[in-house]
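In what follows, a structure is listed as structure tokens, so that the remarks can point back to it.
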Amino acid sequence: MERLSEELLDHIVSEVIKPLPNRHGLLYDDLLNLSMVSRKFCRIVEPHIYHSLVVSVSNKNKLSRILDDRPELLRYIRAVFVMRYHGFANKPENFVMRVPNLEKLDLDITRFPVSEIVPLLKLRTVKSLRLSGVAVAGFPISQRHRAYWEFDNDTLACLDISLTSPGHPWELLDGLKVFAAVFRSLTRLQIHTNYEKIRYHALNGSVFRYTVCAFKHAFQATLRDFSFENHDTNGPYLYEEEEAMGEYCDFSAILRDSQLEKLKIDTICLHKPGQKTKLRSLELGPSCLPSSLRILYMRHDVATGNLNPIEKNLMHADEAQCLSQLMNLAARRSRFTSLQQLTLVISVPRFFEEVASRVVKVQARRVKVPLDLMFM
């Protein structure tokens, strides 16, 4: 093996680490086995072994000893996933802060206050940050701790947050605003749930509106990709506290005036706070969506409470008009001049399926962009 050229060895390693169709990522066992073939292979494989690290309670001590003994390995690390961040007695910043070329950081901070990761948010090399299991209880930031957040991060481009058990969503707003103000160059923002069984509202229209208002600067300046996965166990519900939000924040205007190119949301998120009327069609028009969109993904639940199954002509029902307006988005070439793909995922009750099919057939004649339509 020592007689093989460096070029040939590099080719062999690249074939080993190349993802295959039946596997989701890099298999470390393959790399470890390959590193034992010869010293030359070990030298070539090491950068790949330490490229992405998963740090857990079971391996953190061994990993720390290795990196302490061989600090030169730190320069190979590009991504770190810290499992159960709050379970470390010695803060993992002691390890992560020493990585000079760290680009991607994934932290499981279940039931852990976000203020504890401030040192990590100041890292200038990290471009992608994922925070898993974030509870709303961890977002409120007291006046005593506000000074800790007086800094800017202008290198982070992608932010992914999974929320859990938020309870009352208005508890989220103030702390989330302070948190969001740190990031000055976000291009991608994803908000979703961690899908655990919960008793409380997880992600609903209220949390969506608070998120848009909190990240107002990003929407106005740099954000190009926004995804919000609505997950509300109690269905659409508007809180009285939201009415106060409308006094200083128009979430629909922020969304409309942004330069988003990719958007994934549920139509229920577009309802205005404190909306009392059952009629929803006027809330689903294109006026609240940015004209810069290239890819639009929307989920829509037909509200059965607005429908009477024994009504003779449901084509005139407000829910039919909602579907018509959603389909009409694909015909608004003058409004969405850059739109390249529209995906509509529509959940309909059985008794409304025929009406939905007729609406789609009528509006499909006017479609001017690629449309992917799915019924559930």
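804 is the number of the first residue of the sequence shown in the numbering used here; add one for each residue after it.
Don't be surprised by glycine CBs; every beta carbon is placed ideally from N, CA and C.
Nearest-angstrom Cα separation, counted from residue j out to residue i
i	j	result
Q1023	F986	13 Å
S1150	M1130	14 Å
A1047	H1074	With a pLDDT of only 46 at A1047, under 50, the local geometry of the prediction cannot be trusted, and no value is derived from it.
V929	R881	9 Å
R773	S838	Residue 773 lies beyond the range of the chain shown here (804 to 1179); nothing can be said about it.
Y1134	I964	Rather than Tyr, the amino acid found at residue 1134 in this sequence is Ala. Taking the straight line joining both Cα atoms gives about 33 Å.
V883	E906	9 Å
D977	D832	46 Å
S988	C1052	21 Å
A892	T1014	Confidence at A892 is low in this model, with a pLDDT of 45, below 50, so the placement of that residue should be treated as unreliable; the coordinate-derived value is given next. Taking the straight line joining both Cα atoms gives about 32 Å.
L1117	V1148	20 Å
V857	V885	6 Å
Y879	R873	12 Å
S1055	S1137	20 Å
S817	M900	29 Å
R1097	K863	43 Å
S1160	A1106	16 Å
Backbone secondary structure at residue i - three-state DSSP
i	result
S918	helix
C961	strand
M1150	According to the sequence as given, residue 1150 is Ser; it is not Met. Looking at S1150 - three-state DSSP - the assignment turns out to be strand.
I912	coil
A1167	helix
K980	helix
M1179	coil
H1074	coil
N1007	coil
S1094	coil
F1029	strand
I820	helix
N904	coil
T1014	helix
M1101	strand
Q993	strand
Whole-number beta carbon distance between residue j and residue i, since they are thought to touch under 8 Å
i	j	result
A1123	V1158	6 Å
T958	R927	5 Å
Q1143	P1173	7 Å
L1066	L1026	Going by Cβ atoms, the distance from L1066 to L1026 rounds to 10 Å, so no, they are not a contact pair.
I852	L834	5 Å
C1072	F1011	4 Å
K925	N956	7 Å
V937	I920	Their Cβ separation, rounded to whole angstroms, is 10 Å, which puts V937 and I920 out of contact at 8 Å.
D1028	T996	In fact, because the Cβ distance is near 19 Å, the residues do not count as touching under 8 Å.
S1094	E1064	Not quite, the Cβ-Cβ distance comes to about 11 Å (not below 8 Å), so this is no contact.
Environment of residue i [buried if 16+ CB atoms lie within 10 Å]
i	result
N904	exposed
N1007	buried
H814	exposed
F1185	Absent from the structure is residue 1185, since the part of the chain shown begins at 804 and ends at 1179.
Q1166	buried
E810	exposed
E953	exposed
R1102	buried
L966	buried
L1140	The residue asked about is misnamed: residue 1140 is Thr in this sequence, not Leu. So T1140 counts as exposed.
I869	exposed
L807	exposed
V917	buried
D1175	exposed
V860	exposed
V840	exposed
K1019	buried
Interface flag, residue i vs chain C, CB-CB below 9 Å
i	result
R1012	Of the protein chains in the structure, only one exists, and it is not chain C.
Any non-hydrogen atom of the ligand NAD within 8 Å of residue i CB
i	result
K843	The ligand NAD is not part of this structure, which contains no ligands at all.
* Could you tell me which uninterrupted alpha helix (DSSP H) segments, each at least 4 residues in length, are contained entirely in the region 825-865, listed from first to last along the chain? => 831-838 and 842-852
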